[in-house]
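Numbered according to my numbering, the sequence shown terminates at residue 341, and the numbering increases by one at each position without gaps.
All C-beta atoms, glycine included, are put in the ideal place defined by N, C-alpha and C.
Just so it is clear, the structure is predicted and the values come from calculations on it, not from any experiment.
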Amino acid sequence: MRSIWNGAISFGLVSIPIKLVNATESHSISFRQIHTDDGGRIRYRKFCELEDREVTQGEIGKGYEDADGSIIPITDEDLSSLPIPTAKTIEIVAFVPADRIDPLQMDAAYYLQASGAPAAKPYTLLREALKRSNKVAIAKFALRGRERLGMLRVVGDAIAMHGLLWPDEVRAPEGVAPDTDVTVRDKELDLADALMETLGEVDLEDLHDEYREAVEEVIAAKAAGEALPQTPEPAAGGKVLDLMAALENSVRAARESRGEEAGEHAEVKSLPQRKTARAAPKQTGGKKSASTAKKTAAKKTTASASKSTAKSGQGTKKTASKSTAKKTTAKKSASRKRSA
């Protein structure tokens, strides 16, 4: 990868020579401006307003326009001799937890490449120190004519740096949130949670730019003189009048797209289906009710017979006991008479 900046990381008294290379690239399709009548290229030419002639790129420099409209020329040599330590140095000023960085501040990303063999040891030292601390380094550096803020973190075996916007460059979200009072019910939150769980996670490697692919198909078709790809008809839309119904339909559609059956997740159903499900047993429950009644009557008859048998048995036992008691008493009386 081609480096865009050479300098060093200042880590206390340790200096690490590095090269700055872009960590990202754009795959967007670029278009040229043309004259629609004949397809000719539209080009911009740079003219000097004092001489009224076109100038070459080598004749163009930088200048600052003062309040009175006068131009103050600024050369690359003027900028390279700025009296700041970050002109050719990425100066680490602090180490903080990664969650302290607001994602709104994140800007372009770069890889910091060790420059030569002498940089290998201090580069590895800083990388391992960042790993063990579970922190990121906050640094200041100068690039493209201005001082910037950066965040250093470990990516694989390399150190990456994210450019950060200065805190005063991030606008406050004033007037963005709804200014009306809205009450969100627990049931709505439950359905939102169910939708989030159903959608689940995604491997970012599986995501791709479908718009760019569609544009490439259009370009290829026009270049070959073929018919353009047909645009699919958009789904019929409408106003969402019921948030609960919209959430339930979203959960159902997400589960169907993942091949899940509705019965596997019975806890989320649409409101009309719930009413139908509760009313269904009343319509088809006649046979079941009759059968249940017959079984209940049979059980009662059996229970009554059992109780009658039990009472009968108990009465027989009591009669037998009384008869035995009388016989015993008679025997005792006869024995006493004989003794007398």
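Measure the CB-CB distance between residue i and residue j and report whether it falls below 8 Å.
i    : j    : result
L200 : L113 : no
A95  : I160 : no
R154 : A120 : no
H36  : I43  : yes
L126 : I10  : no
L196 : V252 : yes
Y124 : A110 : no
R172 : H28  : no
E92  : K141 : yes
Hey, would you say the C-beta of residue i is under 7 Å away from at least one heavy atom of the ligand FMN?
i    : result
A138 : Annotation note on the ligand FMN: not contained in the displayed structure, which lists no ligands.
In whole angstroms, what is the alpha-carbon distance linking residue i and residue j?
i    : j    : result
N7   : I220 : 40 Å
V137 : D187 : 38 Å
R133 : T184 : 45 Å
A228 : A215 : 14 Å
R3   : G226 : 39 Å
F12  : E129 : 13 Å
T25  : D108 : 11 Å
D77  : A254 : 59 Å
C49  : A68  : 21 Å
L14  : L144 : 22 Å
T181 : L244 : 17 Å
L51  : P233 : 55 Å
S71  : G62  : 15 Å
S258 : A224 : 36 Å
Y45  : D53  : 15 Å
S16  : K122 : 11 Å
Q34  : T57  : 21 Å
D204 : N250 : 25 Å
D158 : G260 : 39 Å
D38  : A222 : 21 Å
V97  : D191 : 36 Å
T90  : N23  : 17 Å
L194 : E206 : Reading the sequence as shown, one finds Asp at residue 194 and not Leu. C-alpha separation (whole angstroms): 25 Å.
E175 : G40  : 46 Å
E170 : E148 : 13 Å
A246 : I5   : 54 Å
F32  : R256 : 40 Å
V156 : E198 : 29 Å
S82  : N135 : 36 Å
E55  : E66  : 21 Å
E202 : V177 : 28 Å
So residue i and residue j are in contact, right, with Cβ under 8 Å, and what is the actual spacing, rounded?
i    : j    : result
P18  : G117 : 6 Å
G64  : P74  : 5 Å
E189 : L131 : No, E189 and L131 are not in contact; Cβ-Cβ is about 42 Å, not under 8 Å.
E1   : P230 : The displayed coordinates of the chain run from 2 to 341. Any statement about residue 1 would go beyond what the structure contains.
L80  : G146 : 6 Å
At a Cβ threshold of 8 Å, is residue i touching chain D?
i    : result
R149 : The structure shown contains no chain D; it holds only a single protein chain.
For the region 101–113 against the region 159–170, are there 3 or more C-beta pairs whose distance is under 8 Å?
Taking 8 Å as the limit for Cβ pairs, the verdict is that the region 159–170 does touch the region 101–113.
What runs of the beta strand (DSSP E), each 3 residues or longer, lie entirely inside the region 38–109?
Restricted to the region 38–109, the beta strand (DSSP E) segments that are unbroken, complete and at least 3 residues in length are 63–66, 72–75 and 90–98, listed in chain order.
Pick out the complete beta strand (DSSP E) segments inside the region 133–198, 3 residues or longer, and give them in chain order.
Under the rule that a run must span 3 or more residues, the beta strand (DSSP E) segments found entirely inside the region 133–198 read 136–144, 147–156 and 159–165.
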